[in-house]
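Enquirer: FYI, UniProt numbering numbers position 8 of the sequence shown as 8, with every residue one higher than the one before it.
From the three backbone atoms N, C-alpha and C, an ideal C-beta is built for every residue, glycine too.
Just so we're clear, the structure is a prediction, and the values are computed from it rather than from any experiment.
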Amino acid sequence: MSSPIVLGIESSCDETGAGLVRDGRLLAHAVASSMDEHARYGGVVPEIASRSHLHSLRPVVRRALDEAGLRLADVGAVAVTTGPGLSGALQVGLAGAKGIAYALGVPLYGVHHLAGHVAADTLEHGPLPDPCMVLIVSGGHTSLLLVRDLARDPIVHLGDTLDDAAGECFDKVARVFGLPYPGGPAIDRVARDGDARAVALPRPLPRSHDFSFSGLKTAAARWAEGHAGRALPVADGAASLQEAVADVLTRKAVAACAEHGVGTLVVVGGVAANSRVRSLAEERCRAAGIELRVPPLKLCTDNGAMIAAVGDLLVRAGAEPAPLDVSIDPSAPL
Ligand code: KG4
Ligand code: ZN
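1) Taking all protein chains shown into account, decide if R71 is buried (16 or more other Cβ within 10 angstroms of its Cβ) or exposed.
2) Within the structure, which residues are defined as neighbours of the ligand ZN by a Cβ-heavy atom distance below 5 Å, reported in chain order?
3) Do D312 and R62 have their CB atoms nearer than 8 Å?
4) Is Y181 near G42, with beta carbons less than 8 Å apart?
5) For a quick check, are the C-beta atoms of S12 and H113 less than 8 Å apart?
6) In terms of DSSP beta bridges, what is E15 paired with?
7) Using CA coordinates, which residue listed in L57, V78, R148 and E15 is at the minimum distance from I5?
8) When the Cα of V156 is compared with those of L135, S33, I9 and G8, which residue comes out closest?
9) Count the other C-beta atoms from every protein chain shown that fall within 10 angstroms of the C-beta of E10, then say buried if there are 16 or more, exposed otherwise.
10) Please go through the same chain and pick out, in chain order, the residues whose beta-carbon is closer than 6 Å to the beta-carbon of G140, but skip the five residues on each side of it.
11) Considering Cα atoms alone, identify which of A221, C257, K252 and G318 is closest to S240.
12) Check whether the Cβ of G167 lies closer than 7 Å to any heavy atom of the ligand KG4, and answer yes or no.
13) Can you check DSSP and say which residues form a bridge with residue 337?
14) Inspect the beta-carbon positions of A151 and A30 and report whether they are closer than 8 Å.
15) Taking the alpha carbon of D302 as the reference point, which residue from P84, S214 and A39 has its own alpha carbon closest?
16) With a 10 Å radius around its C-beta and 16 neighbouring C-beta atoms as the bar for buried, classify Y102 as buried or exposed.
17) Answer with buried or exposed for K205, where buried requires no fewer than 16 other C-beta atoms within 10 angstroms of its C-beta.
18) Grab me the residues of L232's own chain with a C-beta within less than 8 Å of its C-beta, minus the 5 sequence neighbours each way, in chain order.
19) Please list the terminal residues of the continuous alpha helix (DSSP H) segment that includes A253.
20) Whole-angstrom Cβ separation of K98 and L324, contact assumed at under 8 Å?
21) Looking at residue 335 and the ligand KG4, is the gap between the Cβ and the nearest heavy atom below 7 Å?
22) For D188, is the beta carbon positioned less than 7 Å from some heavy atom of the ligand KG4?
23) Just the C-alpha distance for R293 and T264, rounded to the nearest angstrom, thanks.
24) With distances taken Cα to Cα, identify the nearest neighbour of S208 among G184, T161 and A28.
25) Short of 7 Å in beta carbon distance, which residues of its chain neighbour V268, apart from the five on each side in sequence? Order them along the chain.
26) How is V310 classed by DSSP in three states: helix, strand or coil?
27) Does any heavy atom of the ligand KG4 sit closer than 7 Å to the C-beta of D193?
28) Per DSSP, what are the beta-bridge partners of R25 in this structure?
29) In terms of alpha-carbon separation, which member of K298, V173, E15 and E67 lies closest to A219?
30) Closer than 7 Å to a non-hydrogen atom of the ligand KG4 - does that hold for the CB of A273?
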């Protein structure tokens, strides 16, 4: 008998996601984003995000079910992000998930958002090898994780950013460059016409497996400010920034693989969409004999399918479901 269909719900930041997974297979997923509503504030406004989740949750679940040709009654388990994330935003998703689980009489699983990002890749490339190294690079995180069996073993947090996340660095510098929010994709776009060697930017390499991007962000901002009154060669600045971020991320990730004797690197999170991060990761992994896995873009950014993927692993591992009074944990440690 096949395992139950797992509905995954994600609402930790500005994306409301619902995904349906069974036996490691993605059946359908849908995402609604409130990104446009935050754009004029230059960053995510928590209150707006929470209200948007309230509006979007039901339609997003409905869209995922319709796309899979399923009814709500076909769902056999519900998985939901309990943290880390914005507390109001998490509350909306958890309340919705509890309601559905209670009404259907099916088990509820609380999922760590980062475990979701890790599991996203399994929906495209199958089970993760044990062990593997995961680099999560998004607007909120820059983490290096040593992952064994996702459903059974704790994830080992090897390193993190000491200050800004890589995506945050892109977003903040893009603003100084006069590019639209979110800055990451805009930097990637304009960098195509730039020279990555044009601006000498630092390569912050803290010891251990940690990262630091605030010095790089400041250096790029200073360079831009130094052009007061003159035209800013934005393409060169963007290409140089992108090169510095990609260099640091891939150098550290490949070194971590070598140090821990790990043969597979998985890169996930919004910044994994960056063209230079991807190409440099490919180049360096090939040179080091490391298999590189990067999920497709739609699974790299926040979504419900990745949460359903963890739920599906937990169900199949016979994990204990969460009690119906489970709470959110906005700063959940791994
Ligand atoms: O994973 P994600 O959708 O949300 C979380 O932060 O959890 O990641 C969003 C981040 C933003 O900082 C955005 O600027 C960045 O990913 N991003 C990119 C690209 N696409 C998205 N950064 C660089 N290049 C891109 N192509
Ligand atoms: Zn995320």
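Expert: Taking the definition as stated:
1) Counting the other CB atoms within 10 Å of its CB gives R71 a total below 16, which places it among the exposed residues.
2) Those satisfying the condition are, in chain order, S138 and D302.
3) 8 Å or more divides the Cβ of D312 from the Cβ of R62.
4) Going by C-beta atoms, Y181 is nearer than 8 Å to G42.
5) A contact, by the Cβ cut-off of 8 Å.
6) According to DSSP, E15 bridges with S33.
7) Nearest C-alpha to I5 among L57, V78, R148 and E15: V78.
8) Nearest C-alpha to V156: L135.
9) Burial call: buried.
10) Same-chain partners within the cutoff: A165.
11) Distances from the CA of S240 to each of A221, C257, K252 and G318 were compared; the closest alpha carbon is that of A221.
12) True, at least one ligand heavy atom lies under 7 Å from that Cβ.
13) Outside the displayed span of the chain (1 to 334) sits residue 337, for which this structure offers no information.
14) Cβ atoms of A151 and A30: not closer than 8 Å.
15) Minimum Cα-Cα distance from D302 among the listed residues P84, S214 and A39 corresponds to P84.
16) Exposed, because fewer than 16 other Cβ atoms sit within 10 Å of the Cβ of Y102.
17) Looking at the sequence shown, residue 205 is not Lys but Leu. It counts as exposed.
18) Cβ neighbours of L232 beyond the five flanking positions: F177, G178 and A224.
19) V234 to H260 is the extent of the alpha helix (DSSP H) around A253.
20) Indeed they touch by this definition, with Cβ atoms about 6 Å apart.
21) The first residue shown for the chain is 1 and the last is 334, placing residue 335 beyond what the model contains.
22) Under cutoff, so the answer is yes.
23) Taking the straight line joining both Cα atoms gives about 7 Å.
24) When only C-alpha atoms are compared, the closest one is T161.
25) Only residues of its own chain outside the window of five on either side were considered, and among them H117, V118, A120, D121, V134, I136, P295 and C300 have a CB closer than 7 Å to the CB of V268, listed in chain order.
26) Reduced to three states, the DSSP call for V310 is helix.
27) In this structure, D193 has its CB at a distance of at least 7 Å from all heavy atoms of the ligand KG4.
28) The partner list for R25 (beta bridge, DSSP) reads R22.
29) Its Cα nearest to that of A219, the residue V173 stands out among K298, V173, E15 and E67.
30) At least one heavy atom of the ligand KG4 is nearer than 7 Å to the Cβ of A273, so yes.
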